[in-house]
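In this note's numbering, the protein residues as written are 10 to 653.
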């Protein structure tokens with residue numbers, strides 16, 4: 010035994026200088042310990058050899074040594090260390106379920122002995138793993154155990170780490186004051202230790218809590234303090250830049266938000282951090298969309314689309330498709346907007362199904378944890394001499410398990426119902442949006458066909474007729490009368506072409522020169538001049554129209570032109586009366602009444618009236634077209650922003 014102890018000391022003295030030489034000594038000592046049946050010493054040597062392979066990232070060999078040590082001595086505190094080390098390997102290999110399994114077994118062994126620093130580390134790691142699995146009750150339980158343990162041995166660095174975990178858990182539980190208390194304690198400890206990286210993490214976490222509280226000033230101050238402590242090459246640095254960009258986005262501070270996003274983009278390109286870069290692209294795209302800067306929106310959408318195939322985070326993909334759909338809608342490319350929305354909906358359903366699966370797993374894990382705790386309690390009670398107490402505790406456990414099962418089932422049903430409701434609501438809203446876009450797209454196609462038909466009628470029919478009449482002038486006796494007729498027809502053709510022109514000419518081209526109400530009044534003047542229909546305005550067009558969005562003005566203008574066109578072509582009217590009023594629910598009403606012949610059944614189904622109704626629906630309003638004693642009445646009303 011003395012020989013083995015001597016070799017262990019020799020290997021320990023070498024492992025910091027020359028790991029390979031230390032490994033040879035540990036292997037020699039292991040052979041001697043096995044030959045001498047010193048299994049407890051052999052287990053310790055397996056741990057030491059495994060640690061060296063572990064630091065070399067040779068996880069397979071390290072795990073083999075750890076498991077060999079467990080087989081040699083399965084009930085000592087060394088075994089608890091070995092189980093903990095295997096848990097670390099599983100985490101490094103991203104096998105979190107296995108990591109938690111080995112960690113729980115190591116904790117069960119640690120608790121059978123006097124607790125030491127290794128046990129407190131296991132508690133802290135359990136707190137982190139349970140937090141990552143969103144099992145916050147267990148995370149808080151183990152983190153507090155770690156906090157008390159590190160406080161008792163005055164390990165300030167680990168105590169600060171425990172404070173950070175507890176603070177994060179309390180933030181998730183929305184216990185914001187307790188969260189801030191632990192984060193500030195962690196900050197104080199890291200300041201004593203002069204640990205700038207730890208301080209930066211603390212300022213970031215404090216900023217996150219203030220963000221949850223919507224205290225933007227405090228959020229910005231703490232994020233900026235963290236920025237001064239992180240190195241620009243640290244991944245946390247670009248994450249903070251994106252966070253600050255988002256905060257200023259919410260404050261409508263365009264320049265500040267843009268500058269932070271651009272800085273994050275430049276750094277992420279150098280660091281080749283694709284995920285963080287996608288966050289930045291989505292953020293700055295949303296920013297330009299909010300400002301209606303469609304040129305820059307398109308530029309960053311293209312950049313984001315180049316890295317989209319490499320992005321596996323579905324929330325980032327959702328952000329991209331949402332921005333893309335909004336861009337195409339704003340640029341009136343409704344067909345592509347519909348495609349983007351459909352991709353968004355498909356992806357949203359995948360995310361929703363994944364969330365439901367995770368919720369079910371979380372509830373199952375919670376149930377398994379409580380079940381295991383109850384089993385441990387049963388084992389402890391069996392050692393109690395008081396049989397009556399044992400029976401009472403067993404009864405309580407049974408009732409608690411039954412209550413827990415019922416609560417879990419009820420909670421799961423409520424969550425499923427709630428998510429089904431949200432999914433249905435989301436799907437309904439998206440369906441309505443797609444239907445509106447399709448209606449706009451179909452309306453545009455109808456208008457194109459109509460304009461094509463009008464141009465064909467004007468050019469082919471009218472011009473051919475005029476050509477024949479001009480040729481006939483040579484043989485005509487009453488030339489003056491014929492010329493007057495040709496002049497009248499030319500005026501009609503001019504008016505028809507002008508009507509088509511108004512439909513094609515974008516409203517925004519007028520808006521830079523005059524107010525919207527002036528544009529409408531100008532159109533009425535032309536209509537009265539060319540169509541010989543007297544126009545009576547019972548009251549002026551409301552100034553509120555000038556303060557509305559361009560989309561609302563465009564659709565109202567389209568309705569207005571269509572009403573005038575129908576009166577000129579079909580009504581055989583000599584007078585048009587226009588009224589308007591604003592009701593108590595902020596709906597703006599317009600009534601157009603002519604003294605013509607009214608509308609027939611065939612005319613009701615025409616493209617013109619269909620276009621009026623479609624545009625009214627886009628305005629979220631209503632259109633009523635009826636015959637009256639003196640002609641036709643068109644009554645439209647739609648909600649309006651009274652504040653402008």
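Positions of the beta carbon are idealized from the N, C-alpha and C atoms, including for glycine. Every value quoted in this text rests on a predicted model; they were computed, and no experiment measured them.
Problem - Short Cβ contact (8 Å threshold) for residue 147 with residue 139 - result: yes
Problem - Buried versus exposed call for residue 214 [16 or more other C-beta atoms within 10 Å across all chains shown] - result: buried
Practice task
Counting only the same chain and skipping the five closest in sequence on each side, list residues whose C-beta sits under 8 Å from that of residue 111.
Solution key: 92, 93, 95, 96, 99
Exercise for the section: For residue 583, count neighbouring C-beta atoms within 10 Å of its own C-beta (all shown protein chains included) and say buried if the count is 16 or more, exposed if not. Expected result: That one is exposed.
Practice task
Compare the beta carbon distance of residue 359 and residue 349 with 8 Å and say whether it is the shorter of the two.
Solution key: At a Cβ-Cβ threshold of 8 Å, residue 359 and residue 349 do not count as neighbours.
Handout entry: Cβ distance (whole Å) where residue 13 is taken to contact residue 41 below 8 Å
Key = 6 Å
Problem - Rounded separation between residue 172 and residue 133 - CA only - result: 10 Å
Practice task
Determine the contact status of residue 301 and residue 273, defining contact as a CB-CB distance below 8 Å.
Solution key: For the 8 Å CB-CB criterion, residue 301 and residue 273 do not form a contact.
Handout entry: Segment contact, 8 Å Cβ cut-off, at least three pairs: the stretch 269-288 with the stretch 316-325
Key = yes
Handout entry: Own chain, CB closer than 6 Å to residue 643, minus 5 neighbours either side, in chain order
Key = 572, 601, 634
Exercise for the section: Check whether the Cβ atoms of residue 216 and residue 191 lie closer than 8 Å to each other. Expected result: The Cβ-Cβ distance between residue 216 and residue 191 does not fall below 8 Å.
Handout entry: Residue range of the unbroken beta strand (DSSP E) whose run includes residue 544
Key = 543-546
Handout entry: Identity of the residues DSSP links to residue 636 by a beta bridge
Key = 641
Handout entry: residue 125 versus residue 21: straight-line alpha-carbon distance, rounded
Key = C-alpha separation (whole angstroms): 21 Å.
Problem - As assigned by DSSP and simplified to three states, the class of residue 66 - result: coil
Exercise for the section: Check the C-beta distance from residue 81 over to residue 55 and give it rounded, since I have them as a contact under 8 Å. Expected result: 7 Å
Practice task
Assign residue 52 to buried or exposed, taking buried as 16 or more other Cβ atoms, counted over all protein chains shown, within 10 Å of its Cβ.
Solution key: So residue 52 ends up on the buried side.
Exercise for the section: Have a look at residue 390 and residue 404 and give me their C-alpha separation to the nearest angstrom. Expected result: Because residue 390 carries a pLDDT of 49, less than 50, the predicted location of this residue cannot be relied on, and the following value inherits that uncertainty. The straight-line gap from Cα to Cα measures roughly 12 Å.
Exercise for the section: Check whether the Cβ atoms of residue 1 and residue 336 lie closer than 8 Å to each other. Expected result: This structure cannot settle anything about residue 1, because the visible part of the chain is limited to 10 through 653.
Practice task
Could you tell me which of 229, 248, 237 sits nearest to residue 262, measuring between CA atoms?
Solution key: 229
Problem - residue 49 versus 85, 66, 58, residue with shortest Cα-Cα distance - result: When only C-alpha atoms are compared, the closest one is 85.
Problem - Beta-carbon spacing of residue 585, residue 542 below 8 Å - result: yes
Exercise for the section: Just tell me which of 307, 290, 438, 580 has its CA closest to the CA of residue 271. Expected result: 290
Practice task
List the residues that DSSP assigns as beta-bridge partners of residue 602.
Solution key: Residue 602 has 586, 642 as its beta-bridge partners, per DSSP.
Handout entry: Burial state of residue 414 (16 or more Cβ within 10 Å)
Key = exposed
Handout entry: Cβ-based neighbour list, residue 247, same chain, cut-off 6 Å, excluding 5 preceding and 5 following
Key = 273, 276, 277, 285
Handout entry: Nearest residue (CA-CA) to residue 324, options 308, 288, 433, 304
Key = The residue with the shortest Cα to Cα distance from residue 324 is 288.
Problem - Inter-residue Cα distance where the pair is residue 604 and residue 629 - result: 29 Å
Problem - Beta-carbon proximity check, residue 636 vs residue 608, cutoff 8 Å - result: yes
Handout entry: Under 8 Å between C-beta atoms of residue 525 and residue 555
Key = yes
Handout entry: Endpoints, the alpha helix (DSSP H) within which residue 39 is located
Key = 28-44
Problem - Among 594, 303, 651, 546, nearest to residue 342 - alpha-carbon criterion - result: 303
Exercise for the section: Kindly list the residues whose CB is nearer than 8 Å to the CB of residue 640, restricted to its own chain and excluding five residues on each side of it in sequence; keep chain order. Expected result: 580, 582, 602, 603, 604, 605, 606, 607
Problem - residue 596 - DSSP class collapsed to helix/strand/coil - result: Correct three-state label for residue 596: strand.
Handout entry: Straight-line Cα distance separating residue 423 from residue 435
Key = 18 Å
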